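Keeping their order, the protein sequence lines are chains A and B. If you're matching positions, the first sequence starts at 1 in the working numbering and goes up one per residue. If you're matching positions, the second sequence starts at 288 in the working numbering and goes up one per residue. In what follows, a structure is listed as structure tokens, so that the remarks can point back to it.
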Amino acid sequence: MKPALFDYVAPETVEAAVAALAGDETARPLAGGQSLIPTMNFRLSAPGRLVDLRRIEALRGIAVADGTIRVGAMTRHRELETHEGANRANPLIGEVLDNVAHIAIRNRGTVGGSIAHADSAAELPCLLVATGGTVSVQGPDGSREIGADDLFRFHMTTSLAQTEILTEVRIPALPPGTGYAFEEFARRRGDYALAGVCTLLTVEDGRCGEARIAACGIGARPVRLAAAEDALRGRAVDDAARADAGEAAREYMTAPADMQAGVAYRTDLLAALVRRTVATAARRAGG
Amino acid sequence: MSTRQFGEPVQRNADPALLKGEGAFIDDISLPGALHAAFVRSEHARARIRSIDISAAESLPDVVAVYTADTIGALDVELPMLIPHPCITSGGKTQRPLARDDVFYAGQCIAMVVAVDRYTAEDACSVVEVAYEPLPVELDLEKAIADGAPPVHDDIPNNVAAHFVQESGDADAAFAAAEHTTTVRVRLERSTAAPMECRAVAARWDGVSGELTVWDSTQATISVRGGLASLFDIDEDRIRVIAPNVGGGFGQKIMMFHPDEILVPFAAMQLDRPVKYIEDRVENFIGASQERAQIHEISLAAKKDGTVLGLRDSFIHDTGAFIPYGIAIAQVASTSIAGPYRIPDIWVEMTLVYTPCVQVTPYRGCGRPQACFAIERALDRLADELGIDRTEIRRRNFIGPGEFPYEREGLLFADGLAVNYDSGEYEKALDLITETVDLAGFRKEQEAARAEGRYLGFGIGFYVEGTGLGPYEGGHVKVHPITGKVYVTTGLTSQGQGHETVFAQIAADQVGCDVRDVIFVEGDTQAHEWGVATFASRAAVVSGNAIHKAAVKARARIIAAAANMLETGEDSIELRDGRAWIVDGNRSVSLAEIATASNPLRYAFNEASQTATQFAPASTHDGPPLAEGQAPGIEETDYFSPSHATWAYGVHAAIVEFFPDTCGMEIKRYLCIHDCGNMINPMIVEGQVMGGIGQGIGGAFYERCAFDGNGTPLAANFMDFLMPYATEVPDAEILHMETPSPLNPLGIKGVGEAGTIPVSQVVASAMEDAFAPLGIAPVRESPMSPDMIHGLLAEAQSRR
Chain A
1 MKPALFDYVA
11 PETVEAAVAA
21 LAGDETARPL
31 AGGQSLIPTM
41 NFRLSAPGRL
51 VDLRRIEALR
61 GIAVADGTIR
71 VGAMTRHREL
81 ETHEGANRAN
91 PLIGEVLDNV
101 AHIAIRNRGT
111 VGGSIAHADS
121 AAELPCLLVA
131 TGGTVSVQGP
141 DGSREIGADD
151 LFRFHMTTSL
161 AQTEILTEVR
171 IPALPPGTGY
181 AFEEFARRRG
191 DYALAGVCTL
201 LTVEDGRCGE
211 ARIAACGIGA
221 RPVRLAAAED
231 ALRGRAVDDA
241 ARADAGEAAR
251 EYMTAPADMQ
261 AGVAYRTDLL
271 AALVRRTVAT
281 AARRAGG
Chain B
288 MSTRQFGEPV
298 QRNADPALLK
308 GEGAFIDDIS
318 LPGALHAAFV
328 RSEHARARIR
338 SIDISAAESL
348 PDVVAVYTAD
358 TIGALDVELP
368 MLIPHPCITS
378 GGKTQRPLAR
388 DDVFYAGQCI
398 AMVVAVDRYT
408 AEDACSVVEV
418 AYEPLPVELD
428 LEKAIADGAP
438 PVHDDIPNNV
448 AAHFVQESGD
458 ADAAFAAAEH
468 TTTVRVRLER
478 STAAPMECRA
488 VAARWDGVSG
498 ELTVWDSTQA
508 TISVRGGLAS
518 LFDIDEDRIR
528 VIAPNVGGGF
538 GQKIMMFHPD
548 EILVPFAAMQ
558 LDRPVKYIED
568 RVENFIGASQ
578 ERAQIHEISL
588 AAKKDGTVLG
598 LRDSFIHDTG
608 AFIPYGIAIA
618 QVASTSIAGP
628 YRIPDIWVEM
638 TLVYTPCVQV
648 TPYRGCGRPQ
658 ACFAIERALD
668 RLADELGIDR
678 TEIRRRNFIG
688 PGEFPYEREG
698 LLFADGLAVN
708 YDSGEYEKAL
718 DLITETVDLA
728 GFRKEQEAAR
738 AEGRYLGFGI
748 GFYVEGTGLG
758 PYEGGHVKVH
768 PITGKVYVTT
778 GLTSQGQGHE
788 TVFAQIAADQ
798 VGCDVRDVIF
808 VEGDTQAHEW
818 GVATFASRAA
828 VVSGNAIHKA
838 AVKARARIIA
848 AAANMLETGE
858 DSIELRDGRA
868 WIVDGNRSVS
878 LAEIATASNP
888 LRYAFNEASQ
898 TATQFAPAST
908 HDGPPLAEGQ
918 APGIEETDYF
928 SPSHATWAYG
938 VHAAIVEFFP
948 DTCGMEIKRY
958 LCIHDCGNMI
968 NPMIVEGQVM
978 GGIGQGIGGA
988 FYERCAFDGN
998 GTPLAANFMD
1008 FLMPYATEVP
1018 DAEILHMETP
1028 SPLNPLGIKG
1038 VGEAGTIPVS
1048 QVVASAMEDA
1058 FAPLGIAPVR
1068 ESPMSPDMIH
1078 GLLAEAQSRR
């Protein structure tokens, strides 16, 4: 469990980091190292050069303004989890982060690193999809913005080029009156979930207005459960509506059986988590 | 008298250093100039090796040596068969240090690289080219013994490693007389100990003195020394084996030899440089011993009132690709199968099966969790079929307190001696747990919860544990003449159990000193030459009594010397606070003064020793300074060899909530009544039991060494092998009973493995109880899992 030989650089600007990546096609950016370093130690990956982003001040910090929470890519999970302004603007953030691994890992792991790593069972990519967030990336040809729906391509694969660095994550604040819930089921507290569901909805005159539901752990990337959302809109959020939303979610299950869960179980679990989160979100929305 | 230390919750002597990071595990031991070893391991479960090309590895800079079976000389042999038994087919298969011609499991060592650091050694391993010819495999235990199954070893038909039947009484007669019989099939899967510190070995060869020093995270230093002396043909006194701080063993480190334990000392001698090997986590998961997989088919012959007359059990035991530890695990399972129940007529058949997986040797519990799961599941079933409460059926079958010693004539335990339960209060333990859990109150709560669509269940499991096996251990007690501290040694090793504290308590009680003034040394063949090892919940029983016996003798010598020094009778001496006092007086001498005065000196080097020069003031005779037959100082050694195992027992119960939508579970309460005879230190007993329960919960619901159809391990890290976190292990309520053992002077029984044994049964029993309204099929497998719960619920729904 020792990594293969690699070069290491720790530039102080995004431009220098991009240049360091561009000079070596086996180079990879290093953020918090909570995923990359274990894969290197297992020799599942062997980047020729690590470009450590920790010295780049411009990639740090959290700002809440104009209905958006702007999170520097190198912000640690724990900083965002405990950031009052961010959680006031979008209380789903804290609920999601509480489920990300353990505090020791959240102290090191970064928001940008988790999203760029794009594990299909990870919580933050699911949050980004559910909330309709965006990210900024910077490469040799300048910077661009990518919406959550266009970012996640496949398990551990994003639309970033090898020479691009994710610089900022933007999570929309929740509009007033929006109910929210995140729930996942993992074999052990803090493990990657067998399935997890983020639900946002509004209740107007006893009926569901807006609904956004996304899930992780059920396929090759985080998925919007549009059919489950459709099953709710315009209806009273009662047992029948929740059951229909759960049923509608089943079609999105594409994960194969693995050591911990067969397809039938995981599909039922997804439906259960949809029912549970819809109930919680509706209650919080005042419905 | 000093306050008696035996029975007190004395804080552990070892903890301050460990908690401050001042422990010295093998990787902490600095060996200047040390080289580091890494292994090329088989990627296939079963294959012929066509060729091994080490040339690229050898030519890498900073690689010092690359060894294969061809270059390890006399070590290229099958390793020792540790515990032979006549029932083992063809004497039994053991592995070679490095594979020759064939590999038998994925993870088997093929080549060893020695380099200046572990990074380089791993780089070199990655460029060793091994060409394999993969062979077919069969991992299913029942299919593996069928005709035509692919063999693990070409000369072992049907993969049967051993076959053995044990009988007590006449099971056929019992079944003929039965009013009701029930048969249950249970299956337990592979698991592993996963100690926090993986295995580790370091060795230094001193070519000038011809001395080999080996640091080995073993549970058996003395036995390792014997093996090394034999394999290397070196006199025992030239080999020193040290087990320093060791981070958990749980049986995995009793297995010797893992190949590195031989190859690392070999390389140190060959290269004349210290060599270190620190096993990494993946290697521990694929290359270190595992345990647990068994399939039992157990039948009970009963009367309508639930009295069990007879038991038949036929079980298959997975021994992996090799059988170095013999039939020990299966033998423990076969002799624990009747639990605390009277059951007079027993027939047990065991079939040990070779599978293309890493070898199976004892892991905490050692066959007992399997046996407990089988008998307890069967008893639950019998109760359900006869319409008798699950606790009541146990009550009707317990061996009563007046029936001890209770022998199961014909059943031989792992020490080769008849199963003979020495003492116990089984029914009292059951009463205590049902009262503590308030079973009647729980039933009301359960009913109310069901009305809300919630599923709570009560599970219970009883177990017995044969502990404290022979053959023997020694105790050595000495009073240091200068410091007056009491130096105690034994031939065991510690993996964190608290030996240094409990053995200090035993010695301190006799010599009348503070527990902190006992220096305790083990795990070093130079400190103590004679003994066996730490395993089978035996350390406290066997070494504890040996140390007690030696300390009693030391006490007598201290009192005799002190009486002479204080010019009084021996009856007038009491020992406390590190001194010998005249009873009801204020005159005393210290242990240091007594030890000094018991050792005639030529040269005075401190005040106390001035009185000891030329003559010994503690001596009572007029002859030479040291009388004929007298030894200098205060120093005694004694040994304890138990007549047979002493049987501890206990009962666990739990209230568990199961969630039908997520298929998860939450243990709301976990209770344990435990009886290990007289407790030396109840805090340490509680720690042992709690740790065992945690490991048992892992075994019941989380941990599984899975393999794919090709025999490739699927759980080789802690993301896939789900050792429970603190969040998955509830605070258990642990209550003690103390029924002394009549088999040893201290009246103690072992406790090391206890906590792990009944947990799978408790969870399974609770699951059936919780989901009874849904009509699920009986729970027959361990570990359980959400996926399994889902299957049970789905199957029940399809039947409704």
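No residue lacks a Cβ here, since even glycine has one placed at the ideal position from N, Cα and C. In this text, all values refer to a predicted model and were calculated from it rather than measured experimentally.
With 16 as the cutoff for other CB atoms within 10 Å, does residue i come out buried or exposed?
i, result
"V452 (chain B)", "exposed"
"F602 (chain B)", "buried"
"V706 (chain B)", "buried"
"A279 (chain A)", "buried"
"N1031 (chain B)", "buried"
"R291 (chain B)", "exposed"
"G308 (chain B)", "exposed"
"M288 (chain B)", "Note that M288 (chain B) scores 44 on pLDDT, short of 50, meaning its location in the model is unreliable; the coordinates nonetheless yield the value given after this. The residue is exposed, with fewer than 16 neighbouring Cβ atoms inside 10 Å."
"E739 (chain B)", "exposed"
"T157 (chain A)", "exposed"
"Q506 (chain B)", "buried"
"G206 (chain A)", "exposed"
"A661 (chain B)", "buried"
"F892 (chain B)", "exposed"
"M542 (chain B)", "buried"
"D962 (chain B)", "buried"
"F572 (chain B)", "buried"
"K772 (chain B)", "buried"
"P371 (chain B)", "exposed"
I want to verify the contact list: residues of chain A whose CB lies under 8 angstroms from the CB of residue i, in sequence order.
i, result
"D1007 (chain B)", "M259"
"A1002 (chain B)", "M259"
"A658 (chain B)", "In chain order: nothing, as chain A lies at least about 27 angstroms away."
Tell me, to the nearest whole angstrom, how far the beta carbon of residue i is from that of residue j; I am working on the premise that it is less than 8 angstroms.
i, j, result
"H1023 (chain B)", "P1070 (chain B)", "Actually they do not touch by this definition, with Cβ atoms about 28 angstroms apart."
"D1056 (chain B)", "G746 (chain B)", "6 angstroms"
"T780 (chain B)", "E760 (chain B)", "About 12 angstroms; that fails the 8 angstroms criterion."
"Q792 (chain B)", "I967 (chain B)", "6 angstroms"
"G112 (chain A)", "V203 (chain A)", "Actually they do not touch by this definition, with Cβ atoms about 34 angstroms apart."
"V18 (chain A)", "Q138 (chain A)", "6 angstroms"
Can you list the residues of chain A that residue i reaches, using a CB-CB cut of under 7 angstroms?
i, result
"H545 (chain B)", "Under the 7 angstroms cutoff, chain A gives no residues; its nearest Cβ is about 18 angstroms from H545 (chain B)."
"A993 (chain B)", "M259"
So which residues on chain E does residue i lean against when the C-beta distance must stay under 7 angstroms?
i, result
"M1 (chain A)", "Here chain E cannot be found, since the structure's protein chains are A and B."
Strictly below 7 angstroms CB to CB, what residues from chain B border residue i?
i, result
"A272 (chain A)", "D948, T949"
"F185 (chain A)", "T949, G951"
Residues of chain B with CB closer than 9 angstroms to the CB of residue i, please, in chain order.
i, result
"R188 (chain A)", "Y989, L1009, M1010, P1011, Y1012, T1014, E1015"
"A4 (chain A)", "Y406, E409, D410, S413"
"L269 (chain A)", "D948, T949, C950, P1073, H1077"
"G262 (chain A)", "D1074, H1077, G1078"
Name the chain B residues that come within less than 8 angstroms of residue i, Cβ to Cβ?
i, result
"Y265 (chain A)", "C950, P1073, D1074, H1077, G1078"
What in chain A is Cβ-close to residue i, meaning under 9 angstroms?
i, result
"A1081 (chain B)", "A264, Y265, D268"
Quick test of the definition: if touching needs 3 or more C-beta pairs under 8 angstroms, does the segment 335–342 of chain B touch the segment 423–436 of chain B?
no
Inspect the CB distances between the segment 473–491 of chain B and the segment 982–993 of chain B and report whether three or more fall short of 8 angstroms.
yes
By the 7 angstroms beta-carbon criterion, what residues does the segment 395–411 of chain B contribute toward chain A?
R405, Y406, E409, D410
Within 8 angstroms, do at least three Cβ pairs link the segment 563–581 of chain B to the segment 635–655 of chain B?
The segment 635–655 of chain B vs the segment 563–581 of chain B: in contact.
With a threshold of 8 angstroms, are at least 3 pairs of Cβ atoms found where one atom belongs to the segment 209–218 of chain A and the other to the segment 190–199 of chain A?
yes
contact_flag[the segment 548–566 of chain B, the segment 638–647 of chain B] where n(CB pairs < 8 angstroms) is 3 or more:
no
Counting Cβ pairs closer than 8 angstroms, one from the segment 228–236 of chain A and one from the segment 296–315 of chain B, do we hit at least three?
no
Spell out a yes or no on whether the segment 1034–1051 of chain B and the segment 728–737 of chain B are touching, meaning 3 or more CB-CB pairs, one atom from each, closer than 8 angstroms.
no
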